[in-house]
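Only one structure is covered here, and it is reproduced in the block below.
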Amino acid sequence: MIIYRARVFDTPTSPFAGGTLRAEADVALVVDRGLIVSRTAFATARSAHPDAEVIDLRDGVLIPGLVDTHVHYPQVRAIGHLGRPLLEWLDRCALPEEARLADADYAKALAADFLRGLTAAGTTSAMVFGSHFASAMDALFQQAAEVGLRITSGLVTSDRNLPEPLLTTVERSVAESQDLIDRWHGRGRLRFAVTPRFSYSAGQELLAAGGALLAENPGIFVTSHLNENRDEIAGVSALFPEAHDYLDTYDRAGLLGRRTILAHNVHPGERELTRLGESGAAVAHCSTSNSTLASGFFPLRRHIEHGVRVALGSDVGAGTGFSLLKEGVQAYFMQQLDPSGGVALTPAHLLHLATAAGAQALELDAEVGDLSVGKRFDAAYIEPTPGEPLAVGIRHAGSDEDALAKIFAMGTPGDIARVWVDGELVKG
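Here the numbering used here = 1-based position in the sequence shown + 241.
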C-alpha cells in the first residue's frame with residue numbers, strides 16, 4: 242500500500258461534453274498493487290492506512306499517464322526531416338529507415354530507443370505503428386513486455402507502391418500476423434493491431450485478409466492512415482475506383498469499428514465523417530506532423546459535430562518528438578489559426594485529448610485515463626527544475642487552468658520526473 246500525496250490534475254468527464262478540469266491542490270491517492278483504492282484527504286488516508294508508505298509529490302503536478310494513439314516504432318531516427326510533403330518524405334526519409342529493421346540487431350536497438358522515447362515523454366499507453374518485419378515486431382513486443390508499457394501494435398502490411406523489401410504477400414502477411422497474435426496478443430499489457438500501411442500501398446485482397454484476421458481474432462485492433470495528404474487521397478481514388486472514398490476502402494474490407502484508430506483525417510468528406518461516427522472508430526490527431534508535412538488544418542469541429550472520437554498522436558517521425566504536451570499545444574495553435582473555424586481549446590481540452598480520450602480510443606478507459614478510484618495507477622509527475630521558466634510559471638499561475646496551460650506551453654520530457662504504469666515506476 243502506497244499513499245501518493247500530490248497536486249493532481251485530470252479530466253474524468255470530457256470537456257467536449259461539458260466536463261471541466263478536476264484539480265486538487267493536496268489530495269491523497271491510496272494505491273494497492275497498482276489499483277487506486279481511495280482518493281481522499283491526506284489525513285483521512287493516513288488515519289485509514291497508518292503503516293502505508295507515503296510519497297510526497299506536492300512540489301510538482303501529477304497527471305494521468307499520457308496516451309499516444311499514433312506513433313511509428315521504426316521512425317525514431319527519422320525525426321526532424323523538414324521541408325517535404327508526405328509521399329516525398331516517405332520515399333526519401335522514412336522508408337529507407339524502415340527497411341533497416343530487416344536486421345534483427347538493428348531492430349532490437351531501435352526498439353530500445355523507441356521505448357525510452359515513450360517513457361521519457363510520460364507516455365504509458367500507445368497505439369504503435371509497427372514494422373514490416375515480423376522479427377522486428379518480436380523485438381518490440383519483447384522489450385515492451387520488459388518495460389511494462391501498455392502497447393498495441395502489429396505487423397505493417399503492403400503489397401504495392403513501396404520499395405520491394407517492404408512488400409509482402411497476402412499469404413505471408415496472414416501467417417506472420419497470426420503467429421504474432423498467438424505469441425503476444427493479451428500477454429501482459431500487450432495487444433495486436435491489424436496494420437495495413439495505407440490503402441495506397443495495400444491492395445483489396447490484402448485489406449480483406451486483415452479484415453478476416455480481425456473477425457477470427459476477437460479483441461484485436463486495427464490502425465492505419467486516412468486522408469493525410471491530397472496527393473495520397475488522389476492516388477487511393479485511382480487505385481480503388483469502386484470505393485465511395487478513402488474510408489470506404491477500409492470499410493469494405495471489414496476493418497472499420499470501435500477498435501479502429503485511423504491517423505490524420507485532415508481532408509475528410511462528409512460521408513466519411515458520418516460513417517466514422519456511426520462505426521465508433523477513432524481518429525488520431527497528429528498536430529506537429531500535420532504542420533511538418535504541410536498536410537493542412539485538422540477539422541476538429543467537423544469531427545465533433547459528427548460524433549467522431551478524437552485523441553492525440555505524436556506521429557514520430559513526421560511528428561517532431563514523443564511529447565504529447567507539444568502535440569497538445571500545437572493542436573491549440575492550429576485550431577486558433579484554422580481559417581475554416583477551429584475549436585477554442587482550453588487547457589482541460591488538451592489534457593483530455595492527451596489522456597482520457599486516448600484511453601477511450603484504445604478501449605482502456607475502464608483501467609486508465611484519469612486518476613479516479615478503481616483505475617490503475619498510470620501517472621506522470623511533472624517537476625521542473627527550480628528556477629526554470631516552467632517552474633516559475635507554475636508557481637505564479639493565477640489558477641489551476643493557468644498552471645496547466647503553462648505545462649502544455651512550456652513542458653518537455655525533461656520536466657517529467659517520474660512515470661508509473663500500473664503502480665510500477667518506469668521513469669525516475
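The beta carbon of each residue, even a glycine, is placed where N, CA and C say it ideally should be.
| Item | Value |
| --- | --- |
| Could you tell me the alpha carbon to alpha carbon distance between F539 and A484, rounded to whole angstroms? | 23 Å |
| Which runs of the beta strand (DSSP E), 3 residues or longer, sit entirely within the segment 250-317? | 263-273, 276-281, 294-305 and 307-313 |
| From the DSSP output, read off the bridge partner residues of K668. | V660 |
| Could you have a look at H544 and say whether DSSP puts it in helix, strand or coil? | helix |
| Suppose contacts are defined by Cβ-Cβ distances below 8 Å. Is L351 in contact with L342 by that definition? | yes |
| Count Cβ pairs between the segment 524-531 and the segment 542-551 that sit closer than 8 Å; are there 3 or more? | yes |
| Under 8 Å by Cβ, that's how I've got I392 and L455 pegged, so tell me the actual separation to the nearest angstrom. | Actually they do not touch by this definition, with Cβ atoms about 18 Å apart. |
| Using three-state DSSP, classify T515 as helix, strand or coil. | helix |
| Between I545 and the rest of its own chain, which residues show a CB-CB distance below 8 Å, the 5 nearest in sequence each way excluded? | F257, V551 and V584 |
| Looking at the strands, I want to know which residues DSSP matches up with I502. | T464 and A523 |
| Which whole runs of the alpha helix (DSSP H) in the segment 353-428 are 4 residues long or more, in chain order? | 375-388 and 411-425 |
| Is DSSP giving Y441 helix, strand or coil here? | coil |
| Give a yes or no on whether the C-beta atoms belonging to R274 and G664 are separated by under 8 Å. | yes |
| Quick one: does the C-beta of L407 sit closer than 7 Å to a heavy atom of the ligand NAD? | As presented, the structure is devoid of all ligands, the ligand NAD included, so that no description of it is given. |
| Under a three-way DSSP split, which group does I320 fall into? | coil |
| Taking the Cβ atom as the reference point for each residue, do P326 and L534 lie within a distance shorter than 8 Å? | yes |
| If we count the other Cβ atoms within 10 Å of its Cβ and call it buried at 16 or more, is A385 buried or exposed? | buried |
| Quick check: the Cα distance between G324 and L336, rounded to an integer number of angstroms? | 16 Å |
| CB-CB under 8 Å to K349, same chain, minus the five flanking residues each way: which ones, in chain order? | A380 and Q384 |
| Determine the contact status of P620 and L612, defining contact as a CB-CB distance below 8 Å. | Contrary to the premise, residue 620 reads as Ala rather than Pro in this sequence. Contact: yes. |
| Rounded to whole angstroms, what is the Cα-Cα separation between V278 and L480? | 53 Å |
| Applying the 10 Å Cβ sphere with the 16-neighbour rule, what's the burial state of V667? | buried |
| Pick out whichever of Q577, N458 and P437 has its Cα sitting closest to the Cα of T464. | P437 |
| Since Y245 and I296 should fall inside the 8 Å C-beta cutoff, what is the C-beta to C-beta distance between them, to a whole number of angstroms? | 5 Å |
| Can you have a look at D641 and say buried or exposed, based on whether 16 or more other CB atoms are within 10 angstroms of its CB? | buried |
| Could you compute how far the alpha carbon of T360 sits from the alpha carbon of P482? | 43 Å |
| Measure the alpha-carbon distance for S376 versus F439 and round it to whole angstroms. | 21 Å |
| Please report the straight-line C-alpha distance between N470 and A266, rounded to a whole angstrom. | 44 Å |
| Judging by CA-CA distance, which residue of H311, L565, G518 and K616 is the nearest neighbour of V369? | H311 |
| Are there 16 or more other CB atoms within 10 angstroms of the CB of A247, so buried, or fewer, so exposed? | buried |
| Tell me L553's beta-bridge partners as DSSP assigns them. | H526 |
| Which stretch, first to last residue, makes up the beta strand (DSSP E) that contains A621? | A620 to I623 |
| Tell me the DSSP bridge mates of A335? | Answer by DSSP bridge pairing: none, since A335 is not bridged. |
| Beta-carbon separation of M651 and P630 under 8 Å? | yes |
| Around the Cβ of Y614, are there at least 16 other Cβ atoms within 10 angstroms (buried) or fewer (exposed)? | The sequence given here places Val at residue 614; Tyr does not occur at that position. So V614 ends up on the exposed side. |
| Excluding sequence positions up to five away, which residues of its chain have a Cβ less than 7 Å from the Cβ of G371? | Y314, M378, L381, S394, G395, L396, V397 and T436 |
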